[in-house]
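Which chain is which? The protein sequence lines are Y and F, in order.
Mapped onto UniProt numbering, the consecutive letters of the first sequence carry residue numbers 1 to 308.
Mapped onto UniProt numbering, the consecutive letters of the second sequence carry residue numbers 1 to 253.
Virtual Cβ for every residue (Gly too), placed ideally from N, Cα, C.
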Amino acid sequence: MRPIIEVRDLSKTYASGTHALSGVTLDIAGGEILALLGPNGAGKTTFISITCGLVTPTGGSVSVDGHDIVRDYRAARSLIGLVPQEITLEFFETVMNTVRFSRGLFGKAPDDAYLETVLRALALWDKRDAKLRELSGGMKRRVLIAKALAHGPRILFLDEPTAGVDVNLRREMWEVVRGLKKQGVTIILTTHYLEEAEEMADRVGIIDKGRLLLVRDKTELMHEFGQKILTVELTDPVAALPAPLAGLGLDLGADGRTVRFRYDTHADRSGIARLLAEFSGHGLAVRDLSTEQTSLEEVFLRLVRDMA
Amino acid sequence: MNARSILTIFNFEMARFWRTPWESLAAPVVSTVLYFVVFGAAIGSRIQSVEEISYGAFIVPGLIILTVLQQSLSNAANAIFMRKFVGTIYEILCAPVSFLEVVAGFVGAAALKSVIIAIVIYLTALFFVDLPLAHPVLALLLLVLTSFGFALWGFLIGIWAKDWQQLQFIPMMVITPLVFLGGAFYSTSMLPPFWAAVAKLNPVLYLVSGFRWTFFGLADVPLAASVLALAIFLALGFLAVWAIFRTGWRLRA
Ligand SMILES: Nc1ncnc2c1ncn2[C@@H]1O[C@H](COP(=O)(O)OP(=O)(O)O)[C@@H](O)[C@H]1O
Ligand SMILES: [Mg+2]
C-alpha cells in the first residue's frame, strides 16, 4: 500500500539562516501513529508546518495521499487537521461557533450532527456555548483538537499535545488519540518525552538538529534503547567476579565494589532475581542497589555517536 | 474557487460587526454629527454656500468618503493583523483555500461594513440638511468600489505591519492628511490657483470629487479622471495582492 505521506529530501533554511531541516526522507503509513521525538529546536514544528502549509520548504517535497503539498495544496490540505503547539484561539467566540468556522473554512457543508460527535468525544459538548476564554487550559487544547477534526481529516498532526500539561490531562489526551486511531485516522505527534512516544506510538522517529536520525518500530526501539542499568554495591571489594558470573555481562568497577548490570525493561524476565541469587550463592554480600533508566539524552548521544 | 470558505470568513467578520452594532455604527455617526456641528454650523454660517449648494450639504459626500476610507482601511487591516498577532492565522494558512479567496472574504466584509456605515451617515445627514442625490446608482457604485479598494489596501497594511505602530502608521500619517487635504471640506475653486494645482496631485481629491458629482452634478475634476483614479487605485491593490499570493510574503516563513 502506498504511504499516506511521502517526505523526500525535505529541507528548510529560514530567512535568518537557520537550517531547521536537512534532507528528511520519511514514509508514513495510513492509520499509524508516528511519534516524532526530539529536543527543542530539533525541527519538529518546522516539519509539521511545511506539511500543513504554514511554512514554505526550501528543498525536497512532501506529498499527501499522492498530492504534492505545494502544487496540489487544496487536495493535500483537505486531508489534514493541525493542532498547533501554541494555544491560539479567538477568545470571544463560543466553542460551537469556532468549530463551525473551522469546518466552513475547509469548504465543508455545515454538519452540526458530526460536530456534536466530535465535541462529545472530546468531552466538550456541555461547553458548546461557553466562550473560549472561560475554558481551562486542558479544554482549550481539546477545542484545538475539535477544530482540527471539524472537517473530518484523515491525518491529524498534534504538535506537542501534552507539553506543560498535568498527568491526568496527559492520560486523557492519550485516550483521545487512541480513539482517533481506532477510527482510522493517521496521527503524527511530536513530543520530547520518551515515555509518551512509548505509550502512544506505533513507530518512533528521532529527530535532532534538523536531521531524522532514525525511524523505528516502537517495540524494536524500546528493546534497543529501553534499558536500565542496575548498580550493585558490594560490602567487601573483590579482585574479580567468580567465573560462573562472567557470562551474565557484568561490569566490575575499578574499586572492586560496584558491579553494573544492563537489562532490558521490556523482556519477560529482567534477570535481576537470578543475578542476586548468584551473588549470594557465591558469598558476595550486597550493601546497596540502585537503578537508572536510559534517558532520551543517552539515546541521542548514542545515536549521534553511532552516526558519526 | 471555494465559495463556502470565502463565505465562512466573510460571515465571521460580519458577525463581529453585528455583535456590537452600537459600537460599529454609533462611533462613525457621532463623529459625523460632530463634523456637522463644527464645520456645517460654525464655519458654514460664514461660508453660506459653495457654487449654489449649502455648505452643510456640500461637505456630506466628503464626510462619507472620509469615513469610508478610514473604516475600510482600519477594519481590513485590524482583521488580518489581529489574526497574525494572536496566531489564529494558522488556521487560514493551513486551509485548502487560495490567498485570493482569503482576500475576498476579509476585504468583502470590510467593504460591506463601510458601505453600511456610509448609508447610515447619509441617512443621518438628511436630518440636518437638504441633500439632493442626482445619480444614486453611480453613487452606490463609486461607494462600493472605493470601500473595496481601501479595504484591499487596509488588508495589505495588516499583512505588512509587524507591530501596532506600523499598523497605525499609514492610516495616521498618510491617509488622514490626504483625506483632509483632499477637498472633503472645500472646493478647489475656493483655493488660490497655485494651491488648487497642488491639491490636484492628491489622489483622494479625485475620489471625493467624483462622489460629490453623483450628488450635485459638479466636481473639481472631470468625472472621467475620478473614475480613472479609482481604477488605478484598485488595479495597484490587486497587483500587490497578486504578488503576495505568489510569494507568501509575510505570511509563510
Ligand atoms: N519562523 C522562523 N524563523 C527563523 N527560525 C525559525 C523559525 N521557526 C523556527 N526556527 C528555528 O528553526 C529551528 C527548528 O525549530 P522548530 O521546528 O520549532 O523545532 P522544534 O519544534 O523541534 O522545537 C530552531 O532553531 C528555531 O529557532
Ligand atoms: Mg515545536
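- For Glu101 of chain F, the enclosing alpha helix (DSSP H) begins and ends at 99–125.
- Annotated three-state conformation of His19 of chain Y is strand, per DSSP.
- Non-local C-beta neighbours of Leu221 of chain Y in its own chain, meaning closer than 6 angstroms and more than five positions away in sequence, comprise Val204, ordered along the chain.
- With a threshold of 8 angstroms between beta carbons, Leu89 of chain Y makes contact with chain F.
- Under the three-state reduction of DSSP, Phe39 of chain F is assigned to helix.
- For Arg287 of chain Y, the enclosing beta strand (DSSP E) stretches over residues 286–293.
- As the crow flies, the alpha-carbon of Ala239 of chain Y is around 18 angstroms from that of Gly281 of chain Y.
- Taking 7 angstroms as the cut-off, one finds at least one heavy atom of ligand 2 near enough to the beta carbon of Thr45 of chain Y.
- Contact annotation, Val68 of chain F with Leu126 of chain F: C-beta distance approximately 18 angstroms; criterion of less than 8 angstroms not satisfied.
- Annotation for Ala76 of chain Y: Val64, His67, Ile69 place their beta carbon closer than 6 angstroms to its own, counting only its chain and skipping 5 residues before and after.
- One finds nothing in chain F with a Cβ atom closer than 8 angstroms to the Cβ of Lys44 of chain Y; even the nearest lies about 15 angstroms away.
- Straight across, the Cα-Cα distance linking Cys52 of chain Y with Ala243 of chain Y is about 60 angstroms.
- When DSSP states are grouped into helix, strand and coil, Arg2 of chain Y belongs to the coil group.
- Rounded to the nearest angstrom, the Cβ distance from Thr191 of chain Y to Leu37 of chain Y is 6 angstroms, consistent with a contact under 8 angstroms.
- Relative to ligand 1, the beta carbon of Tyr193 of chain Y is positioned no closer than 7 angstroms to any heavy atom.
- Contact note: Gly107 of chain Y reaches chain F through Asn2, Arg4, Ser5, Pro96, using a C-beta cutoff of 7 angstroms and chain order.
- Interface flag for Val86 of chain F against chain Y is set, since a Cβ pair is found closer than 8 angstroms.
- Relative to ligand 2, even the nearest heavy atom lies 7 angstroms or more away from the CB of Gln166 of chain F.
- Chain-ordered, the chain Y residues with CB closer than 8 angstroms to the CB of Ile92 of chain F read Leu105.
- Contacts with chain Y (Cβ-Cβ distance below 8 angstroms) from the stretch 217–251 of chain F involve Gly248, listed in chain order.
- Around the beta carbon of Trp213 of chain F, 16 or more other beta carbons lie within 10 angstroms, which makes this residue buried.
- Counted as a single uninterrupted DSSP element, the alpha helix (DSSP H) harbouring Leu141 of chain F occupies residues 136–160.
- With respect to chain Y, the C-beta atom of Thr20 of chain F has no partner C-beta closer than 8 angstroms.
- Within the stretch 94–132 of chain Y, the runs of alpha helix (DSSP H) that reach at least 4 residues and sit entirely inside it are, in chain order, 95–105, 112–121.
- Exclusion of the five residues before and after Glu199 of chain Y leaves Trp174 as the residues of its chain whose Cβ lies within less than 8 angstroms of its Cβ.
- Taking 7 angstroms as the cut-off, one finds no heavy atom of ligand 1 near enough to the beta carbon of Ser22 of chain Y.
- In terms of side-chain proximity, the C-beta atom of Gln85 of chain Y is found nearer than 7 angstroms to a non-hydrogen atom of ligand 2.
- Along the length of the stretch 7–35 of chain F, whole alpha helix (DSSP H) runs at least 4 residues long occupy 21–35, reported in chain order.
- For the pair Ser72 of chain F and Ser114 of chain F, the Cα-to-Cα distance works out to about 6 angstroms.
- Residue contact with chain Y for Phe36 of chain F: absent (no Cβ-Cβ distance below 8 angstroms to any residue of chain Y).
- At least one CB of chain F lies nearer than 8 angstroms to the CB of Glu86 of chain Y.
- With a cut-off of 8 angstroms on Cβ pairs, the stretch 102–120 of chain F is in contact with the stretch 137–152 of chain F, counting three or more such pairs.
- Nearest CB-CB separation between Phe12 of chain F and chain Y: below the 8 angstroms threshold.
- A straight-line Cα-Cα distance of about 39 angstroms links Val167 of chain Y and Asn11 of chain F.
- Looking at the DSSP output, Thr13 of chain Y bridges to Y:His19.
- In this model, Leu213 of chain Y and Ala42 of chain Y are separated by some 11 angstroms (Cα to Cα).
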